[in-house]
Each structure stands twice: as structure tokens, then as C-alpha cells.
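Q:
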Amino acid sequence: MKRFFDNLPREIFEAARIDGCGPVRLFVSIVLPMSRPILGGRVDLRGARVVEGLPWPLLILGNTSLQPLSVRLPAIAAQTDLGVFLAAMLIACFVPIVGFLVFQRAFLRGTGLGGALKG
């Protein structure tokens with residue numbers, strides 16, 4: 003994330019300061035809108051880590067009926083038919099895929115400049 007923020011164009015910040023923009027307004031009106039893609043990606047990766055964290059639910063939840071599907075998949079792989087196992091893997095991948103599809107515009111926006119620079 004540091005590299006992304008270091009590569010934001012300084013000309014935009016200088017132009018905002020010349021126009022009378024204070025530090026809070028500069029952050030809220032310029033930095034946050036430009037950094038939506040990197041923040042969205044970070045939130046997505048953090049959310050995937052929380053949802054699919056294997057060791058924590060495996061250690062804490064002794065009752066297997068309460069464990070998330072991503073935790074149960076390795077345990078049931080040897081005992082389950084391949085077709086059922088692949089269907090369970092598809093269901094486990096469904097939530098992150100839908101999350102990406104809903105927010106794909108924010109992820110694919112690129113550098114996040116959103117027309118801030120001309121030419």
C-alpha cells in the first residue's frame with residue numbers, strides 16, 4: 003500500500019493546496035477517492051483471510067457441524083465422492099466470487115486516478 007500512495011501524483015495535491023484545500027479536505031476529497039481500488043483490494047484480501055481462516059475455527063469449534071465449509075473440506079476429502087466434493091468446493095468459492103463481481107468496478111479501476119490527470 004505504501005508504494006501505491008507514494009506513486010500518487012504530487013501535482014494534484016499541489017493544485018488542491020493552491021485552490022485553498024486544507025489537510026482534512028485534501029484527504030477526504032482527493033486521497034480517499036483516488037485510493038478506492040487499493041483499499042477495496044485490501045479489504046477483500048483481509049475479508050478472505052478472516053472468512054477462510056483454517057486454524058482458528060478448527061481449533062476452537064470442536065463440533066464439526068458448526069465449522070465453516072472451508073474448514074471441513076480437507077477433512078471430508080477422503081470420505082466423499084469426487085462429484086460431491088467438487089460441488090462443495092464450488093459452494094465455498096461462491097462467496098468470494100460474488101463479492102468480486104459486485105465490486106469489480108472498484109477493483110478494476112486501475113491506478114484510481116479517475117480522470118484526475120489530463121493527458
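In this text, residue positions in the sequence shown follow this note's numbering: the first is 3, and each later residue adds one.
For every residue, glycine included, the Cβ atom is placed at its ideal position computed from N, Cα and C.
(1) Count the other C-beta atoms from every protein chain shown that fall within 10 angstroms of the C-beta of G85, then say buried if there are 16 or more, exposed otherwise.
(2) Distance check for G43 and R74, CA to CA, integer angstroms please.
(3) How big is the Cα-Cα spacing for I78 and F102?
(4) Kindly indicate the opening and closing residues of the alpha helix (DSSP H) around G101.
(5) I'd like the list of long-range same chain contacts for R19, defined as Cβ closer than 8 Å, with 5 residues on each side in sequence excluded.
(6) Where do the ends of the alpha helix (DSSP H) carrying S72 lie?
(7) Cutting at 7 Å between CB atoms, please list the residues of its own chain near T66, excluding the five before and the five after it.
(8) Of the residues D21, L68, R38 and V45, which one's Cα is nearest the Cα of F7?
A: According to the structure shown:
(1) To locate residue 85, count along the sequence shown from 1; it is residue 83. It is exposed - the Cβ of G85 has fewer than 16 other Cβ atoms within 10 Å.
(2) Mapped onto the sequence shown, residue 74 falls at position 72. Mapped onto the sequence shown, residue 43 falls at position 41. One alpha carbon belongs to R74, the other to G43, and they sit about 27 Å apart.
(3) To locate residue 78, count along the sequence shown from 1; it is residue 76. To locate residue 102, count along the sequence shown from 1; it is residue 100. Those two C-alpha atoms are separated by around 27 Å.
(4) Locating residue 101 in the sequence shown gives position 99, where the first residue counts as 1. Residue range L84 to V104 is occupied by the alpha helix (DSSP H) that includes G101.
(5) The residue given as residue 19 occupies position 17 in the sequence shown. If we look at R19 and ignore the five residues flanking it on each side, its Cβ neighbours are L28.
(6) In the sequence shown, counting from the first residue as 1, residue 72 sits at position 70. Where S72 is concerned, the enclosing alpha helix (DSSP H) stretches over L71 to I78.
(7) For this step, residue 66 is matched to residue 64 along the sequence shown. The residues are R74.
(8) Start at 1 with the first residue of the sequence shown, and residue 7 comes out as number 5. Here the closest residue by C-alpha is R38.
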